[in-house]
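K.L.:
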Amino acid sequence: EDQVTQSPEALRLQEGESSSLNCSYTVSGLRGLFWYRQDPGKGPEFLFTLYSAGEEKEKERLKATLTKKESFLHITAPKPEDSATYLCAVRRGGADGLTFGKGTHLIIQP
Amino acid sequence: GAVVSQHPSWVICKSGTSVKIECRSLDFQATTMFWYRQFPKQSLMLMATSNEGSKATYEQGVEKDKFLINHASLTLSTLTVTSAHPEDSSFYICSALTRTSGIGTQYFGPGTRLLVL
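Chains as they are written, first to last, in this note's numbering: chain A, 1 to 110; chain B, 1001 to 1117.
(1) On the three-state DSSP scale, how would you describe residue 1052 of chain B?
(2) Report buried or exposed for residue 44 of chain A, applying the criterion of at least 16 other Cβ atoms within 10 angstroms of its Cβ.
(3) Could you check where the beta strand (DSSP E) with residue 1034 of chain B kicks off and where it finishes?
(4) Give, in chain order, every unbroken run of the beta strand (DSSP E) that is at least 3 residues long and sits entirely within the stretch 4 to 36 of chain A.
(5) Go ahead and pull the three-state DSSP assignment for residue 45 of chain A.
(6) Between residue 1046 of chain B and residue 1063 of chain B, is the Cβ-Cβ spacing less than 8 Å?
(7) Assuming residue 18 of chain A and residue 77 of chain A form a contact by the criterion Cβ under 8 Å, report the distance between their Cβ atoms to the nearest whole angstrom.
(8) Taking only three categories from DSSP, how would you classify residue 70 of chain A?
(9) Assign residue 1071 of chain B to one of two classes, buried (16 or more other C-beta atoms within 10 Å of its C-beta) or exposed (fewer than that).
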């Protein structure tokens, strides 16, 4: 059974304080690891797709990396508007549906 | 680009009634759409995969007779919760798959919050 575990569950940072969010996964035939951002009461917003170990993607203050067992979302010099829940998901081999982790609730304090 | 809408955003209904939720891809065609459910402080759980012109594929434990899915066009999928009960109260989110690159990306709608009284 596919499993996605995210840590920490919640993280509170000061504005400008960089950190990393972790996503550990167990899946047969990984066909993509996805990062989404979800604001309260909204649907997830797509951030990145990673396909193979060693791959990195960047967007503004966010950088996602992938190994064979886990992915990291690095947040550099975050701002209050980066506060959200960050979701990690994997696409199962042979299927299109996504298996999501429970997310990391990130709060950036001014 | 890649905008997905849902309607309604909020619905309150009495126990035993049916509720229909629409999911539309506004600026692209999607042969495949997905329906997820999210309970408070829980992860998104895949309910079913909706393919245009064919029957939906349901995840284990999801009652296909209770959650009716129709994907009648390349831009519209509907989820009907039949004979809703309070335990069906949840946040329902759809996504649409684009295949412009690689294996494709799922773009999500804003969600529909259902409250069954």
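For glycine and all other residues, C-beta sits at the position ideal for the given N, C-alpha and C.
P.N.:
In short:
(1) coil
(2) buried
(3) 1032 to 1038
(4) 10 to 14, 19 to 26
(5) strand
(6) no
(7) 6 Å
(8) strand
(9) buried
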